[in-house]
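Below: the structure, in structure tokens.
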Amino acid sequence: MSSCGGIYSSSSYATMGRVSGADVSHQRIAEKLVILNDRSLGMLTRLYNIKKACADAKSKPAFLTDRSLDGAIKQIVKKFPVVDTKSNSALFQYVNSMKTDITRNLSLYYYTFADLLDLRDHILQLLTTMDVAQVQLDITVNHDVTTAYLNLVVNLICLMILLSKVEDRRAVLGLFNAAYDLSHGQSEPSFPRLGQMIIDYENPLKKLAEDLGPLNRLVVSALKSVSTVYIRRNITAEAWRKAEMLSFTANPKQLLYTAVTEEISGEYLSLDVMDRWIVLCVTVCYSNALNDPILYNMYQRALQSGLVIRLFRDEVFHIHTQLQTFFEALKGFAKKTHDIKECHAVAVDTSIAIHRERRRFLRGALKDLCLLLKDQPGLLGPKALFVWMGLSFSRDEVLWYLRHVDAFVDSDKKKNKRETEEINDKLLPELLFYMNELRLLVTKYEKVISRYYVRYIRGYEAVELRHVVQSLQNLCEEELIMISSFVSTVTELNRETTDFPALRLDWFRLQASLSSACSSFRLSDNKSFASLMNSTVFHLKMIDQQKEMLRETSDLSLFLLFFLFFVVISTGWCCHFFSFYTKQLESQLRQCLTLPSQSRYSIAYAFICSHFVSTLHDMCPEEKIHIVERGLSMCNMILEQLARETTNVIGRLGEHEMMLSEKLSTRECASIIAEAIRPKTGKHATPTIRRMPGEESFRVMRDQLTLPDKLTTALVELCSAVGYCRELEVSDHIFAPREFLSVELERYLGDVLRITIFKDSQTSEYPRRPSEMLEILNSQISALQMIDSCVSIDMMKLLTTALLQQSQPTDSQGTDTLTLTYCKWYLEVLLRRASNCQIVYSDHFESFIGNSEALPFAPDQYTDTYELNCLVQLIGPYGVKHLSERLIWHVASQITELNKIVRDNRDALIAARTSFDKPEKMHEIVAQLSGADGRERRNTSNHHQNNPVGGAMESVLQRVTIIGEIIAFRDLLHNALHDVMEQRIPFLLSSLHELNESMDERDKLPISEMCAAVGVTTTVDLALVNAIRQQAQTQRLTNPEEHYNISCLLFVFIAISLPKLALASSSFFRAHILASQNNSHTIPLAVNNLAGALFTLHEKNDVVLRMKEFLALASSGLLQILGTSDAEAMKEHQSVFIILEQLVKNSPYLSFDLLESCFPYNLIRTSYLSCYNRHE
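Once you know that position 755 of the sequence shown is 755 in full-length UniProt numbering, the rest is easy, because the numbers rise by one and skip nothing.
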């Protein structure tokens, strides 16, 4: 890996250790501390990924699991670091054959370890340089140098410990070197030293103690300077309360004063960082550090604070077990080992409670800070230090909690359950929320902060610095120039100047230079100057480094921490990810959402996802895309969970609303009435007390919360989280929580309607009545409208979108909607049963009614006016349009079949058309079309028959009846649509009525479709015209004349077939329902609609002529029944007379005058009277 191999240039550090006591500044200690600390973090990132890769059997280099290489690998591990490929040529035969692939694929691992060796050398050189230069480290004076030094030492220790945890490191390095040797005839140049480093650091603490032993003086002095800050920080929550920590109002008189201390940067220094300094540095410098009472006291307090400390990311160092093992191997440290065991017992017993109380204190303190700063954001200027302290304290406690959740569970299996309950913090989301709110306030008012500190530095600290610098003595010329330049820059500070890294680097250099024992100016003797400079540098950060300060004090990227490892394959890089603390995040999120008191803080987890990019490092760019994707997916998951939980609460509220609506339904009312009139039996029968609807609104006690109360509270809390912000940004992507909720609610409403349309989705065959579904929908809408008072979302748009989807066959998810479900049921169940004469269309009831007691449902409960009005409100005009189109498609299909029958009997129909006034001829034609001779007809005339006898003629009558049933249902649907439209858009509908009435029949055709869309009936059904045209093209009826002739003959066929209805007893016209059992009374509807559509399609303007011809044929055939022997067989001829009268009555093309001219009306009156009398 050439990029990593060239990170360090040996020439640039060649003279690193050649220290001249008089020229420390030329060693560039400050620059090297910055560079090496940054490189250490990059190397930790790469080493961390390699460790995780080698720990997983699926991801480790494939060569380590190759059986053909087992012998060579075992030999390498056994003899490491000596790899002799020549004397063991047989073992390395397969290595030789694969040497090119091995060197290419393992180069990443090998050169990462080589870079680590180089980095270790440079770090030790720098540490030695600083020791030789007798640099005086004091965190209260030279804060930047001291913290950088301690961080560098700790990073070195963590690197070596992490190195010792890498599995198969010997196998990887040895195998690479063997392949390199076989390819180049010699070992890789750095392998001897690299192999020795691997051997030396098998016990990293012991080797580090040897390496850093000569540097004990400098490490100890640096740690001792931390003692005052550490002791002040590592206290209990009770001590914080007594000191009124983080309180603006503790001293109201100083509310507007700038918060400044002697060691301002130490006030927000991470306690987690200091614990690492103390535990790791004291351990490797045990010979001197443990004998110092101050350091030993700090050491014990750090050991009692917890069980683990951070190495890197989720890799932790189990301090007590590791230190016991380390000190047990040393002579004379038995007492220290015993002390460590006692510290472990104290940590197990007390640390959970201590940190829990700290988190409790911080929740209240940060809440007060947020309330004050939101009300008075100007306080962010003088009191910015309080913000950084609060964020830093909180971050330390959150990170401690994350690392110790699993550590305490694993530490003592016997106390597993108790400790799990104790360490589990259900209130953690609240602390995270207030941390995030402080971050948002700082981001929102960053200009307020920067403007304040520009004025503060220029007006106070610049003046003070100028005065102090004049009194400084013994400064060399270069140092004096740097200080003078610093003072002049801050004196001329203005709002446009927003970049001060050069100033901070100059102060860093001055600290390194002036802290040397050989410097003529001792910084430690001028603490007031150092304190003022540290304060000024800190305040400069308030101007140009607010985001960096937020990252330093409140970064919670540990929630994401995962490992990424790389496997080099022939096609490139292969990256694999495994999450660690994301599991804790998910479990905490679920717990937070189910706890009403914390659910409003759940949005904090989404904001944490924006921290994930803080884990990136330039030395491992391969991580970036995957970390960004992980952050985006986590944020998406969190917002989806929040929206889903809110929707679940809405669902339960909707169920409650449905229950209340059910109590007010007619069914419930009927049961109450039945129970009230039921006679009370028994001498001592006591009346049952039934709770009436509405009694649930009377509250007996205020303290008793009902289920709706609890659900409403939960909804308010969840909506508070959703409405906390309109949008949040994660890795340059914008997330809108309210949109997540809108999408989830839209999906939920569709799912509820789809699920509840069947009472039992597994066994029920029939959907709920439209009125029931409308009640359910209204209940759900009532529940959804409660969100309006909780969070600002466009509920009208949401409902419109969701219900519009229900008016289409499928919704946005591709699932069935109410429109499709009801469309299937009405067409495939109800109308099919009507065609089988099980259901009858009644003009009197204007609905379909049952014709058989065996029906499993009541047709009128689905087709009466109220139910169809409810159906229209459910599926809307678009749904009605879809249902109408399906109905018309079925009508067109029936017409196609009728056309086929007509073509099969064309000759007979042509003859009948011209011979309708010749009874004998017509008798023969009818016998031919009916498919039965006269003898058969006479023999069957004595039996009660439900259907007319015959072949083609029977088929025509059945299909025309089916068309009539479909059109009857379509008309009911359009009437319901019209009624609903009159309620919703009365003014717009009245305009359409006036337009329709003002136009003649020809001009109405262009607006026919518009009229149908609102349920206004027109003479010609344009939808049917278009459907017939499309079916004709499908059936290749391209000749207009032929199609016209077939249409004419079809009406002839229907007319001469009407007398056949009189043969069936089911044709009897039942006066009380104005219907026949076989639905033959719908034939007039079919004939009139077919006439308007067919002859409008042919555009010959002869609809009236054709209908007159139909009336002449029909009346002639019916009159021929009277006075003949067929009259006895055709007992229901009077019912057929009524059908003829209904045809004329409902026809826009015929009149009763015309009927009277060809059919005596007294026969019709007699027929009505006979039917009424027969019914009675």
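Built from N, CA and C at the ideal position, the CB exists for glycine as well.
Could you round the C-beta distance between residue i and residue j to whole angstroms and report it? I think they count as a contact, below 8 Å.
i, j, result
"Leu173", "Leu194", "6 Å"
"His1098", "Pro1040", "7 Å"
"Ala148", "Ile73", "With a Cβ gap of about 41 Å, Ala148 and Ile73 do not count as contacting."
"Phe312", "Ile352", "That pair is no contact at about 25 Å."
"Val891", "Ile963", "5 Å"
"His320", "Ile340", "6 Å"
"Lys527", "Val141", "6 Å"
Along the beta strand (DSSP E) that carries residue i, what are the first and last residues, could you check?
i, result
"Tyr841", "Ile839 to Ser842"
"Leu64", "Element bounds for Leu64: n/a, residue is neither H nor E."
"Leu218", "Where Leu218 is concerned, there is no enclosing beta strand (DSSP E), although the alpha helix (DSSP H) it sits in stretches over Asn216 to Arg233."
"Glu729", "Leu728 to Val730"
"Ile734", "His733 to Phe735"
"Arg310", "Val308 to Phe312"
Can you give me the C-alpha to C-alpha distance between residue i and residue j, rounded to a whole angstrom?
i, j, result
"Arg359", "Ser535", "29 Å"
"Val34", "Glu496", "27 Å"
"Trp277", "Val722", "41 Å"
"Ala384", "Tyr180", "58 Å"
"Glu1156", "Leu1111", "11 Å"
"Asn1162", "Ile755", "57 Å"
"Leu1169", "Leu830", "32 Å"
"Phe1159", "His1081", "19 Å"
"His1133", "Gly951", "20 Å"
"Trp240", "Pro429", "22 Å"
"Leu674", "Arg667", "Position check: residue 674 holds Ala in this sequence, whereas Leu was assumed. If you take the alpha carbons of Ala674 and Arg667, they lie about 11 Å apart."
"Asp406", "Val83", "41 Å"
"His467", "Phe508", "21 Å"
"Leu208", "Ala90", "39 Å"
"Ser847", "Gln861", "9 Å"
"Ser97", "Asp70", "15 Å"
"Ser394", "Asn216", "33 Å"
Are residue i and residue j close, meaning C-beta to C-beta below 8 Å?
i, j, result
"Glu479", "Ser516", "no"
"Thr819", "Ile875", "yes"
"residue 1180", "Ile1138", "What the structure shows of the chain is the stretch from 1 to 1176, and residue 1180 is not part of that stretch, so it cannot be assessed."
"Met786", "Leu653", "yes"
"Ser302", "Val279", "The sequence as given places Ala at residue 302; Ser does not occur at that position. Yes; because the gap between Cβ atoms is below 8 Å, this pair is in contact."
"Thr489", "Leu505", "no"
"residue 1202", "Asp843", "Not covered by the structure: residue 1202. The range shown for the chain is 1 to 1176."
"Ile29", "Thr146", "no"
"Leu152", "Asn37", "yes"
"Leu784", "Leu741", "no"
"Ala604", "Asn474", "no"
"Leu992", "Val1014", "yes"
"Tyr201", "Met160", "yes"
"Trp388", "Thr249", "no"
"Val448", "Pro501", "no"
"Phe916", "Leu1143", "no"
"Leu532", "Glu461", "yes"
Check for me: the alpha helix (DSSP H) holding residue i runs from which residue to which?
i, result
"Glu263", "Run containing Glu263: none; DSSP gives neither H nor E here."
"Ser955", "Ala952 to Arg984"
"Val463", "Ala462 to Gln470"
"Glu668", "Thr666 to Ile677"
"Leu117", "Lys99 to Val132"
"His882", "Thr865 to Asp904"
"Gly1117", "Val1103 to Leu1119"
Give a yes or no on contact between the stretch 822-836 and the stretch 880-887, applying the rule of three or more CB pairs nearer than 8 Å.
-> yes
State whether the stretch 260-273 contacts the stretch 223-239, with contact taken as three or more CB pairs (one from each stretch) at a distance under 8 Å.
-> Judged by Cβ distances under 8 Å, the stretch 260-273 makes contact with the stretch 223-239, as three or more pairs qualify.
Between the stretch 132-144 and the stretch 42-55, do three or more beta carbon pairs fall short of 8 Å?
-> no
Three or more beta-carbon pairs under 8 Å between the stretch 767-783 and the stretch 691-705, yes or no?
-> Taking a cut-off of 8 Å for Cβ pairs, the stretch 767-783 and the stretch 691-705 do not touch, as fewer than three such pairs fall below it.
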